[in-house]
Structures are given as structure tokens and as C-alpha cells.
Amino acid sequence: MGMYTEKVMDHFRHPRNVGEIKDADGIGKVGNPVCGDLMWIYIKVKGDRLEDVKFKTFGCGAAIATSSMITEMAKGKTIDEALKISRQDVADALGGLPAIKMHCSNLASDGLKSAILDYMKRNGIKPPEGIKIESEHEDVCETG
Amino acid sequence: MAQPNQIYMDYSSYCPIEPRVLKEMLPYYERYFGNPSSPHSFGVQMKAGLEGAREKVASLINAEKPSEVIFTSGSTESINAALRGAAFRNKEKGNRIIASSIEHISVRNTLKYLAKNGFEVVYLPVDEYGVVSVEALKGAMNDRTVLVTVMYANNEVGTVEPIKEIADIVHEKNAILHTDATAAIGKMSIDVNRDGIDIMSISSGDTYGPYGIGALYLRRGIRFEPLILGGGQEAGFRSGTENVAGAVGMGKAAEIAKAEMAQEAERLSKIRDRIIKGTKEAITYSFLNGHPTLRLPNNINMRFSFIEGESLVLSLDMEGIAASSGSACSSKTLEPSHVLLAMGIPHEEAQGSLLLSLGRWNTPQDAEKLLEVLPNIVRGLREMSPIAPPGVR
Numbered sequence: 000m001g002m003y004t005e006k007v008m009d010h011f012r013h014p015r016n017v018g019e020i021k022d023a024d025g026i027g028k029v030g031n032p033v034c035g036d037l038m039w040i041y042i043k044v045k046g047d048r049l050e051d052v053k054f055k056t057f058g059c060g061a062a063i064a065t066s067s068m069i070t071e072m073a074k075g076k077t078i079d080e081a082l083k084i085s086r087q088d089v090a091d092a093l094g095g096l097p098a099i100k101m102h103c104s105n106l107a108s109d110g111l112k113s114a115i116l117d118y119m120k121r122n123g124i125k126p127p128e129g130i131k132i133e134s135e136h137e138d139v140c141e142t143g
Numbered sequence: 000m001a002q003p004n005q006i007y008m009d010y011s012s013y014c015p016i017e018p019r020v021l022k023e024m025l026p027y028y029e030r031y032f033g034n035p036s037s038p039h040s041f042g043v044q045m046k047a048g049l050e051g052a053r054e055k056v057a058s059l060i061n062a063e064k065p066s067e068v069i070f071t072s073g074s075t076e077s078i079n080a081a082l083r084g085a086a087f088r089n090k091e092k093g094n095r096i097i098a099s100s101i102e103h104i105s106v107r108n109t110l111k112y113l114a115k116n117g118f119e120v121v122y123l124p125v126d127e128y129g130v131v132s133v134e135a136l137k138g139a140m141n142d143r144t145v146l147v148t149v150m151y152a153n154n155e156v157g158t159v160e161p162i163k164e165i166a167d168i169v170h171e172k173n174a175i176l177h178t179d180a181t182a183a184i185g186k187m188s189i190d191v192n193r194d195g196i197d198i199m200s201i202s203s204g205d206t207y208g209p210y211g212i213g214a215l216y217l218r219r220g221i222r223f224e225p226l227i228l229g230g231g232q233e234a235g236f237r238s239g240t241e242n243v244a245g246a247v248g249m250g251k252a253a254e255i256a257k258a259e260m261a262q263e264a265e266r267l268s269k270i271r272d273r274i275i276k277g278t279k280e281a282i283t284y285s286f287l288n289g290h291p292t293l294r295l296p297n298n299i300n301m302r303f304s305f306i307e308g309e310s311l312v313l314s315l316d317m318e319g320i321a322a323s324s325g326s327a328c329s330s331k332t333l334e335p336s337h338v339l340l341a342m343g344i345p346h347e348e349a350q351g352s353l354l355l356s357l358g359r360w361n362t363p364q365d366a367e368k369l370l371e372v373l374p375n376i377v378r379g380l381r382e383m384s385p386i387a388p389p390g391v392r
């Protein structure tokens, strides 16, 4: 079998919710093309729920699959629920990721959080305590 | 062999064995056995196989004597032995080693080891095509220079280096020239005398021979110390009971290469050029990495702006085409190809590289199938990419 699970390959082959939301309520941009991964997550909020979530990603198979997966996981959730989705949750939902991909390519939950924080900022909402963008405190390019 | 609906374009990562090679090897597993060092008839039979193989390898590279060919376990061992053996044996002359900045990782890591052990390693820049700067070499050579290592042709971008010109400069200062010819052997004419090579590392696997065997060409009279010590096989330069079946396979592969290489190179370079031209025509923002003409006949390395290479390789695999990429995500180190970076290609562009390496079982139809699917794959990935300008397909 290949390096990726069948679920990862399914999301890679048929990515869900690709594209932009023209009048998005929040946009999260994470990663860096120099490192090989860049993700933009767009959200549309209605009440306290994520009515729509879309993505655009430059990156490897894992980067595309995690982006696709997070849009499915987050759609319809409340903002509080969506903020609780961790990188591990995304990896688990995909049936696991190769160890080497856990950090550099698993940015989707950070992308979503950063889109929600953008939405909160635009609307003057104070973000809850303790929200952290997991990839922000690592230099993802320096692994070798 | 590949299934009818599969196309293998990853010969530089792993090359299948030639049926004619396997046939030649089988008796050495099924019928013949014995230690080649033994005086009895069992050993003599094995020794004859080993020495016959040595002659064939020597003939492929035009070595003066077969004894200048030393069998090893493969290119990686040859490279380790060559660089360490030449450096340590000649260290009283000096401690400078000069290398190109696009060497294979087995050369790079051996050089790092030597740098930790008292040697000063100087890296030569390459131009935008990956050609090593001969002027920089002239400037870096001094009386303390013991060893220069430049690959015969680059394994990633296929650029063929000016080895003869380099050899002349190296020999003016009485230094030793090592070349890693793993990517070039069996694909183009290599003549150690014409090219002025003192030590050369070659493999068998990359020429349709078996893996687990390779060779070191060591010109007679070069001061050298062995890496592997033991019972003194291979004239003391590489101990350990010989892998006779492997050597016989490597010999047969060398014989086939010598007879068929020129014709095969012509055939493959036509397929190569069709793919390069067809890709450039069909896909905007696509570029050739490496030299347009000083290039291995089987190497295609293209890059596509705004997309990442691993997703390209996965997408091609879904169409039954096996390829490689120089992107960070495709490597164990998570760094993009040092070769592309040395050629001045920006990081984000280096991420979008695609390496297609052709071989014996590729046909012109394979090129057409690739050209049929590649533009759609690139378009799909660009549609998903946040950095692709609107409208770029």
C-alpha cells in the first residue's frame, strides 16, 4: 500500500469544498510556499454557526487532504466547536498521516482557527482564552 | 514488468533488471558455488565468472586493466570508499577537497564527514543549467588540494558536466579527480582515459543490472586506502567474500550497455524531447530544469509554477504513471532539491518540479499518454492553488 491511507487518497482525489467564498466573513492564511505548503481557509458565518467553509491549498497530498477534511468537519459546527478541532483530530479523521507529514502539512485546523479569529477581529468579538495556532510556534521548514 | 495500463518513468529512482542479465546470473545461484579464492575447481569456476565480469566492466569504461575495477556493494559504498580512501591516504599533501554544489547526497554526506575530520571542503557554484563553474574551480585549486569530486552527470536535472576540462585543471596541481558516474553509466560514453578520470564510482542497478553490487574504478598508481578491511579480497581494496552472482550480472549489464547504449540513447532522447516540447506547448508557466542539450538522454525535469510536486506525482500515479519530484514534501529531509536551489531556482518554484526518467521499456506512446493527462492534472492543481494568478491554467 501507499504512504497515505485510503481516506487521505479519497480526499486528495475528490477534494471537498474547493474554492473561494467571495463575501467571506473570515479568511485564514497559514503556511508558506517556501516550505511547500500554503492554505487559505474561507468561512461564512450565520448566527454562531459556520454556514460554509471553503479552501485553496498549495501543497502535497497530505496538505490537500487535510484542507478538504477540515471543511467537512467544520461545516455546520458552532464557532466554539470549530475552534476545538485540533491537528490530531484532522489526522485521526483521515485514518492517520505519515509521521513526517504531521507537522508540515497538517495545517488545516490552524487555517480554520485563523479564519475564525479573522472573523472575530472584523466583528469586534473577543476570542476565547487559550486559542493557539499550533504551527505558529514551530519553524516548520527546519526539520532536517 | 509494468502492467499494460501502467507507465514507469522513474528509472533514475529504481531500474528494473534486464531478463538477459538475470539469465546470466542464475547459474551462479543454482549451479556454481565455491569461494573464488579457493584453489579447487569449485573456486576456480567462480573466480572465472568474477574475472570475466571485471573485464566487461573495464571494457565499458575503457580502463587500461581490468584490475583497475574493484567490486563494491553499490555506488554509495564506492563513493564513501573513494572520497575517504583518497582523502585520508593523501592527507600529508594537504586538506582541501573541492566539490560541486549539486553532488548526490551520498557524496554530500561523506564530505560532511570529512569536514568534521580535518578536511576543508570547498563547494563550486553551478550556472542556471547546472553546469559546474570551471573558472571557480581554477580559483579554488591550490597546492593543498588533494581531491576534486564532480559528478559525471547530475541525477536530478540530467546536466552533463565538463569532466575532461575539469580533469586538466585538477591534474595541473597534481590532485586526484573522482567522479560519481552513477547517473551517467550505461547512458552515454564514458572513457576514463579520454576523460582523465582517476577514480570513478558506478553502480549496477542503474544499468539494468542487479542492486547490491557496484564498482570503483581506481587508476593504477593512485594512492588510496581501503574503507573495508578484512581478508584482502579485491587486491586488498575491498575485503569480504565476493558477490560473484552480482558481479556477473553487473558484467552482463555492462556488456549490453556497451553494445546497445548509442542506439538506446538516440531512441530515448527522441521521447525525451517530445515530452519536453509537448509539455511546454501545452502548459503555461512550465519550464525545463537543466541544460537543453548537455543532458542525459533519459532525463526530463520540468517545473510548473504555483503547484507542488508531490501532489503532481500522486496525481500522475492515479493515471498509472510513475514519476518523481524534487519538492520538499517528496524528500525525507523536507527540503527542496539542493540541485534546483544551487541553480538559482527560487524555493517555491523548486517545489513544483517533476522528474521523469526514461528507460528501456518506455515507448513513444508513453510520451503521448503523459501529454494527454499532464495538462489536466496541472490545471486541476492550479485551480486549487491560492498562489496561482486568476485565469492561469
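From first to last, the protein sequence lines stand for chains Z and D. Here numbering that gives the first Met the number 0 is used: position 127 in the first sequence is 126, and no number is missing along the way. Here numbering that gives the first Met the number 0 is used: position 73 in the second sequence is 72, and no number is missing along the way. Cβ coordinates follow ideal geometry from the N, Cα and C atoms, glycine included.
Assuming Ile212 of chain D and Ser203 of chain D make a contact with CB atoms under 8 angstroms, what is their CB distance in whole Å? Between Ile212 of chain D and Ser203 of chain D a beta carbon distance of about 5 angstroms is seen, short of the 8 angstroms cut, so the two are scored as contacting.
Please say whether Asp194 of chain D and Ala166 of chain D have beta carbons closer to each other than 8 angstroms? yes
If you count every other CB in all the chains shown that lies within 10 Å of the CB of Gln5 of chain D, and 16 or more means buried, which is it? exposed
What residue ranges within the segment 165-198 of chain D form continuous beta strand (DSSP E) runs of no fewer than 3 residues, ordered along the chain? 175-179
Taking 8 angstroms as the threshold, find out whether the segment 63-71 of chain Z comes into contact with the segment 102-111 of chain Z through three or more Cβ pairs. yes
Run through the DSSP bridge pairs and tell me what Leu37 of chain Z is partnered with. Z:Gly30, Z:Phe57
By how many angstroms is the C-alpha of Asn122 of chain Z removed from the C-alpha of Ser336 of chain D? For the pair Ser336 of chain D and Asn122 of chain Z, the Cα-to-Cα distance works out to about 44 angstroms.
Residues of chain Z with CB closer than 7 angstroms to the CB of Met317 of chain D, please, in chain order. Arg12
Given 8 angstroms, three or more beta-carbon pairs between the segment 257-268 of chain D and the segment 179-193 of chain D: yes
Which residues mark the beginning and the end of the alpha helix (DSSP H) in which Phe70 of chain D is found? Phe70 of chain D -> not in any alpha helix (DSSP H); beta strand (DSSP E) instead, spanning 68-71.
Closer than 7 angstroms by C-beta to Pro32 of chain Z: which residues in its own chain qualify, once you throw out the five before and the five after it? Chain order, please. Phe57
Tell me the DSSP secondary structure of Ala62 of chain D in three-state form. coil
Secondary structure of Tyr7 of chain D, DSSP reduced to three states: strand
What residues are listed by DSSP as bridge partners for Thr77 of chain Z? Z:Arg48
Within this structure, are the beta carbons of Met342 of chain D and Gly129 of chain D separated by less than 8 angstroms? yes
I need the straight-line Cα distance from Ala281 of chain D to Glu371 of chain D, nearest angstrom please. 10 angstroms
State the DSSP-derived secondary structure class of Met342 of chain D, mapped to helix, strand or coil. coil
Could you tell me whether the segment 24-43 of chain D touches the segment 57-75 of chain D, where touching means 3 or more Cβ pairs closer than 8 angstroms? no
C-beta atoms of Pro65 of chain D and Glu54 of chain D nearer than 8 angstroms: yes
Got a sec: is the Cβ-Cβ distance from Gly60 of chain Z to anything in chain D below 8 angstroms? yes
From the DSSP output, in three-state form, read off Ala214 of chain D for me. strand
What does His346 of chain D touch in chain Z if you count any residue whose Cβ is under 7 angstroms from its own? Val33
Where the beta strand (DSSP E) through Arg302 of chain D begins and ends: Under the DSSP assignment, Arg302 of chain D falls in the beta strand (DSSP E) whose first and last residues are 298-303.
What would DSSP say about Ala64 of chain Z, mapped onto helix, strand or coil? helix
Verify the CB distance criterion: does Leu313 of chain D have a CB-CB separation below 8 angstroms to chain Z? It does: the Cβ of Leu313 of chain D has a partner Cβ on chain Z nearer than 8 angstroms.
Looking at the C-beta of Asp138 of chain Z, does it have a partner C-beta in chain D at a distance below 8 angstroms? No answer about Asp138 of chain Z holds up, because its pLDDT of 49 lies below 50 and its placement is not dependable.
Run through chain D and tell me which residues come within less than 8 angstroms of Thr56 of chain Z, C-beta to C-beta. Around Thr56 of chain Z, the beta-carbon contacts reaching into chain D at under 8 angstroms are Met383, Ser384, Pro385.
Between the segment 110-121 of chain D and the segment 237-250 of chain D, do at least 3 Cβ pairs fall closer than 8 angstroms? no
Would you mind giving the Cβ-Cβ distance between Val288 of chain D and Ser384 of chain D, rounded to the nearest angstrom? I have them listed as a contact below 8 angstroms. It is worth fixing the name first, because residue 288 of chain D is Asn in this sequence and not Val. That pair is no contact at about 20 angstroms.
I'd like to know whether the C-beta atoms of Pro291 of chain D and Arg271 of chain D end up nearer to each other than 8 angstroms. In this structure, Arg271 of chain D does not lie closer than 8 angstroms to Pro291 of chain D by Cβ.
Touching by the beta-carbon criterion (3+ pairs, under 8 angstroms), the segment 1-12 of chain Z and the segment 34-44 of chain Z: no
Of the residues D:Ile386, D:Tyr31, D:Ala253, which one's Cα is nearest the Cα of Glu307 of chain D? D:Ile386
Per-residue contacts from Leu306 of chain D into chain Z (C-beta, under 8 angstroms): The residue asked about is misnamed: residue 306 of chain D is Ile in this sequence, not Leu. Contacts between Ile306 of chain D and chain Z, judged by CB atoms closer than 8 angstroms, involve Phe57 in chain order.
Touch check for the segment 78-86 of chain Z and the segment 16-25 of chain Z: three-plus C-beta pairs under 8 angstroms? no
I want to verify the contact list: residues of chain Z whose CB lies under 8 angstroms from the CB of Pro335 of chain D, in sequence order. Gly35
What residue range does the beta strand (DSSP E) around Arg95 of chain D cover? 95-99
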